[in-house]
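Trainee: Going left to right, the sequence shown walks through residues 1 to 289 as UniProt numbering numbers them.
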Amino acid sequence: MNSQKILVLGATGYIGSGTVKTLANLKANVTAGVRDPSKAKELLISGAQVIKANMDQNQTELAKILSNYSSVYLVTPGNIDRTQITINAIQAAKQANVQYLLVVSVTCADNQDVLFGRQFNPIEKELKASGLKYGILRLPMFIDNVWGNNEPIRTHNTFYGPIDGDKKFVTVAVQDAALAAAIILQNPSKHIGKTYTITSDYKSSDDQAQAFSQALGKQIKYVNATFEGTKQALLKFMPEWQVDGVLELYKLIENNDFSQENYSNDFQQITGSKPTTNLSWMYQNFKAF
1 MNSQKILVLG ATGYIGSGTV KTLANLKANV TAGVRDPSKA KELLISGAQV
51 IKANMDQNQT ELAKILSNYS SVYLVTPGNI DRTQITINAI QAAKQANVQY
101 LLVVSVTCAD NQDVLFGRQF NPIEKELKAS GLKYGILRLP MFIDNVWGNN
151 EPIRTHNTFY GPIDGDKKFV TVAVQDAALA AAIILQNPSK HIGKTYTITS
201 DYKSSDDQAQ AFSQALGKQI KYVNATFEGT KQALLKFMPE WQVDGVLELY
251 KLIENNDFSQ ENYSNDFQQI TGSKPTTNLS WMYQNFKAF
């Protein structure tokens, strides 16, 4: 099972580093491809190999690197040009005739009316047309985004968002997305041509507040900060194009869009494990809050 030589490209973000560490923990033969290896010491310590490789480098050069690996995971970057960058890497993988290519996508990839849909739909199409054996991991919003509310939860027992507290939506814990990817990459033959949606919980913001209250042993409340207020807060963490994309996801939630409400059992089917609920996530991280 662990004979696969696995390369994770885009290995320094939430999903990439989480997957590399999970694979290393499972004693897989995993290499992290990063732009600057000197900034990836944490991945080395976890037991992974680290090389300089990134999705937007010269296609022929990248193909040479990819040809050394049997399973490759493209973790689509948080870059405004991510469509073209990821397509470049898919074409390099085709040139290298990679045995299996797994790519991160989003739950709204079929929706051309939103930015993330317009970015990810061409990536999925390119992958499907590549002739390679492939898999797609569609992810919703991360429960781990609660880290952005760390200070108000610690100091004011409050967290904020742009929608009403009773609107339910799906989330994924980064550790669940990482485990699903790790299991697929180690044994890809069962996952050829599959599009999976990895979800961990389906709750409203008010439900989340209850879960956080239980885990932290203090009353946490959720406050609707409006779209404009949320935009100003998010601009501290990410560029404006990305903030606008995230706010479009919240608009989809507000409109009960299927892409934000579809709770899937794919995680359990792939891993045989129960997903990480909002409650169990906060129990794991309560010391920081």
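By construction, the Cβ of each residue, glycine as well, lies at the ideal position given by its N, Cα and C atoms.
Owing to the predicted nature of the structure, the values given are computational and were not obtained by experimental measurement.
1. What number of angstroms, rounded off, separates the C-alpha of Ser204 from the C-alpha of Asn58?
2. Bridge partners for Gln49 per DSSP, in chain order?
3. Would you identify the three-state DSSP class for Val75, choosing helix, strand or coil?
4. Do you know whose CA, among Val146, Tyr222, Asn68 and Glu151, lies nearest Leu7's CA?
5. Okay, do the region 147 to 164 and the region 219 to 236 touch, 3+ Cβ pairs below 8 Å being the bar?
6. Could you pull out every residue in the same chain whose Cβ sits closer than 6 Å to the Cβ of Ala173, ignoring the five residues on either side in sequence?
7. Let me know the secondary structure DSSP gives Ser280 once reduced to three states.
8. Looking only at its chain, what residues have a beta carbon closer than 6 Å to the beta carbon of Ala178, apart from the 5 residues adjacent to it on each side?
9. What is the rounded straight-line gap between the Cα of Phe116 and the Cα of Thr31?
10. Run through DSSP, which three-state label would Asp201 get?
11. Compute the Euclidean distance between the alpha carbons of residue 340 and Arg138, then round it to the nearest angstrom.
12. Using 8 Å as the threshold, is the region 92 to 107 in touch with the region 33 to 50, meaning 3 or more CB pairs across them?
13. Ends of the beta strand (DSSP E) at residue 303?
14. List in chain order: all unbroken beta strand (DSSP E) runs of 3+ residues lying wholly within the region 132 to 179.
15. Which residues in the same chain as Val223 place their Cβ atom closer than 7 Å to its Cβ, once the five residues preceding and following it in sequence are excluded?
16. Check whether the region 262 to 270 touches the region 175 to 194, taking contact to mean three or more Cβ pairs, one atom from each stretch, closer than 8 Å.
17. In chain order, what residues of the same chain lie with their CB nearer than 7 Å to the CB of Leu279, ignoring the 5 residues before and after it?
18. According to DSSP, what are the bridge partners of Lys236?
19. Leaving out five residues on either side along the sequence, give the residues of the same chain with a beta carbon under 6 Å from the beta carbon of Gly253.
20. Under 7 Å between the Cβ atoms of residue 290 and Glu126?
21. Taking DSSP's pairing of strands, which residues face Thr195 in a bridge?
22. In the DSSP assignment, the beta strand (DSSP E) including Ser6 goes from what residue to what residue?
23. Below 8 Å on the Cβ atoms is my contact criterion, and I expect Phe258 with Ile153 to pass it. Report the Cβ-Cβ distance as a whole number of Å.
24. Count the other CB atoms within 10 Å of the CB of Leu9; is the residue buried (16 or more) or exposed (fewer)?
25. Should Lys94 be labelled buried (16 or more other beta-carbon atoms within 10 Å of its own) or exposed?
26. Please go through the same chain and pick out, in chain order, the residues whose beta-carbon is closer than 7 Å to the beta-carbon of Glu61, but skip the five residues on each side of it.
27. Hey, Asp56 and Ile85: beta-carbon distance below 7 Å or not?
28. For Asn88, is the classification buried or exposed, using 16 other Cβ atoms within 10 angstroms of its Cβ as the cut-off for buried?
Mentor: Taking the structure as given:
1. Linking Ser204 to Asn58 through their CA atoms gives a straight-line distance of about 44 Å.
2. Looking at the DSSP output, Gln49 sits in a beta bridge with Thr31.
3. DSSP, reduced to helix, strand and coil, places Val75 outside both helices and strands of the structure shown, so it counts as coil.
4. The candidate whose alpha carbon is nearest that of Leu7 is Asn68.
5. Between the region 147 to 164 and the region 219 to 236, the count of C-beta pairs closer than 8 Å reaches three or more; the two stretches touch.
6. Answer for Ala173: Ile143, Ser200, Thr276 and Trp281, listed in chain order.
7. Residue state, collapsed to three classes: helix.
8. Correct list, in chain order: Gly18, Thr19 and Thr22.
9. Distance between Phe116 and Thr31, taken at the CA atoms: about 28 Å.
10. Note: Asp201 maps to strand in three-state DSSP.
11. This structure gives no information on residue 340, because the portion of the chain shown stretches from 1 to 289.
12. Contact fails: fewer than three Cβ-Cβ distances are below 8 Å.
13. A question about residue 303 goes unanswered here, because the residues of the chain that appear run from 1 up to 289.
14. Qualifying beta strand (DSSP E) stretches, in chain order: 134 to 139, 158 to 161 and 168 to 172.
15. The beta carbon of Val223 sits closer than 7 Å to the beta carbons of Thr158 and Tyr160 from its chain, once the five residues preceding and following it are set aside; these are given in chain order.
16. Cβ pair count under 8 Å is three or more, so yes.
17. Excluding positions up to five away in sequence, the list reads Ala211, Gln214 and Ala215.
18. DSSP lists no partner for Lys236.
19. First, the residue type needs correcting, since residue 253 is Ile and not Gly in the sequence shown. The answer, listed in chain order, is Ile163, Lys167, Phe169 and Gln260.
20. Any property of residue 290 remains undetermined from this structure, which presents the chain solely from 1 to 289.
21. Here Thr195 is bridged, per DSSP, to Ile136.
22. According to the sequence as given, residue 6 is Ile; it is not Ser. Bounds of the beta strand (DSSP E) holding Ile6 are Lys5 to Leu9.
23. That belief does not hold up - the Cβ atoms of Phe258 and Ile153 are roughly 30 Å apart, past 8 Å.
24. By the 10 Å Cβ count, Leu9 comes out buried.
25. Around the CB of Lys94, 16 or more other CB atoms lie within 10 Å, so the residue is classed as buried.
26. Once the five neighbours on either side are set aside, Glu61 has no close Cβ partner at all.
27. For Asp56 and Ile85, yes; Cβs fall inside 7 Å.
28. So Asn88 counts as buried.
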